[in-house]
């Protein structure tokens, strides 16, 4: 993005005036050697004459700010003017950005003033990849992610079983076999020891592998005679026939289709829980990659629209449809970014392959110790090519999950072929995760205009065990934030919540320090791929806004843009705070000029 994007974004109703070098015509010295009073970045709906009068005299402002943040360290995200002290807001837009002295004239009798007392403010975080409904549901499901061993897993399952109504399944889980089971994969028998009579269907934390107990397998009719599912794997016991209880990628549907879908009340509870958590961690916009059924997706979309009409949303949500269901949008004539400032249809999401943790990411070479396994294509390349081409021809934005090096290389080929076939336009293809890459594929992101939508927390989580899956050589070119930036790619950061924490600060810490959660690489795991704090925050703000085609409204703190701001408890840009980035808390979150979260302690 360029410095020019930081000017007014609403031609015809706003004006930007500045004494900085980024203005079209900078005001120079006045006759007699006196300089024109320095003016502030200002945006408003009043006639230009009034703005000029205010800029050059001591006259009252044409409009008083509704909210002013003052006395802070504001990182604007604008390369031409990255630092400021104060921000003025009128209605839901940023009115001015500058020093306290520059912004103070915009104070009126009803202006709410918040003294930041030297705290660091940044643009509201924009998470480019979440599972909004699933994340909200996970907050009320059994949580096994940090269980240290099988005994802890069993204790949590047994306790959850006691308090759950008898007609409910146990779902969620987010178990981690590298932590809880010493790298061994659990089976149905593992779960049966703790919950025998109730159906249990709990997923690995990456969502690409789930474990069913015997009761769930029996209900689903999954037996030794059950055939393999395209794009998935049924794990079997030593006899080579009996299902073990583990189902990978598309095979999860064998049991998952029986899990009762959430009703309207459950969806509402999950959405409200999600946005409450988002506000507490400074997330003001999200791209929702939710994988629920089409019926639940439609119900969620209607609910979000209702909450928007009622003014109850505190996070901006872009909903994505499965790429295979693109006809629902295409036949309506909907194109990318259809909707308003709080609820939009962002486009489509597809899957090329599985995940590294489940050993189903599609790789050129086999997994370590698994000479026959190179992963799976969840969607065959020819089918994905046809889906992307038709969606792109309909003007829809396309984001596709690809984790393995082969999946990424083939997807880049597909994007290039489709762009050539459909002709030039601003399409902004995205690869979600872009996790394991060959070095020769780095420059192809810029060359093809493909955005790397990545989740930096994965590097410190996966860094505990990734070399055991694919070896150190392939890991060295993975999670390649530095190499992609140096190759000119646009990075859009997100969390993949609930796979990883929604909180952006641990993710920023991961991109900057790359220290795995097991503490084994205190200097950073493949430290040559580290990036700076400014680069990481930019990827979590303006990079995500650009990936969504919304850089005119979001991603930086600039006049005319939506007034979304996060205030941090520590100045993460200060090198002295480098080791405490991940522990930093958000003190204040502003969405559309309204305070939606304020830390009390």
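Numbering (this note's numbering), first residue to last: 5 to 605.
Every residue gets a Cβ at the ideal spot worked out from N, C-alpha and C, and that includes glycine.
Keep in mind the model is a prediction, meaning the values are calculated, not measured.
Within the DSSP bridge table, the entry for residue 250 names 215 as partners.
In the assembly as shown, residue 517 is a buried residue. Its beta-carbon has 16 or more other beta-carbons within 10 Å. Looking at the DSSP output, residue 452 shares a beta bridge with no other residue. Remark: C-beta atoms of residue 96 and residue 596 approach each other more closely than 9 Å. Taken atom to atom, the span from the alpha-carbon of residue 100 to that of residue 91 is near 6 Å. Excluding sequence positions up to five before and after residue 338, its CB lies within less than 8 Å of the CB of 349 and 400, all in the same chain and listed in chain order. Within the same chain, 77, 572 and 575 come within 6 Å of residue 124 by CB-CB distance, once the 5 residues on both sides are set aside. Within the stretch 382–406, the complete alpha helix (DSSP H) runs of at least 4 residues fall at 385–397. Under the Cβ criterion (8 Å, minimum of three pairs), the stretch 111–119 counts as touching the stretch 66–73.
Residue environment analysis places residue 587 among the exposed positions, since fewer than 16 neighbouring C-beta atoms fall within 10 angstroms of its C-beta. Non-local beta-carbon contacts of residue 164 in its own chain, meaning distances under 7 Å to residues more than five positions away in sequence, involve 146 and 174 in chain order.
Residue 433 places its beta carbon less than 9 Å from that of residue 392.
Looking at the backbone, the Cα of residue 198 and that of residue 295 are separated by about 29 Å. Straight across, the Cα-Cα distance linking residue 512 with residue 436 is about 18 Å. The Cβ atoms of residue 273 and residue 300 do not sit closer than 9 Å to each other.
Excluding sequence positions up to five before and after residue 544, its CB lies within less than 6 Å of the CB of 129, 497 and 508, all in the same chain and listed in chain order. Here residue 336 is exposed, its C-beta having fewer than 16 other C-beta atoms within 10 Å.
Residue 116: member of the beta strand (DSSP E) spanning 116–119, first to last residue. In the three-state reduction of the DSSP assignment, residue 426 falls in the helix class, which pools H, G and I. Contact check for residue 415 against residue 388 passes: the beta carbons are separated by less than 9 Å.
Counting C-beta atoms within 10 angstroms of its own C-beta, residue 227 has fewer than 16 neighbours from the protein chains shown and is therefore classed as exposed. The way I'd put it, the stretch 148–166 doesn't touch the stretch 523–537; fewer than three beta-carbon pairs between them come closer than 8 Å.
Here the alpha carbons of residue 443 and residue 456 stand approximately 14 Å from one another.
In the DSSP secondary-structure assignment, residue 446 is not bridged to any residue. The three-state reading of DSSP puts residue 180 in coil, since its state is none of H, G, I, E or B.
DSSP, read as helix, strand or coil, puts residue 569 in strand.
When C-beta atoms of the stretch 281–292 are compared with those of the stretch 133–145, three or more pairs fall below 8 Å, so the two segments count as touching.
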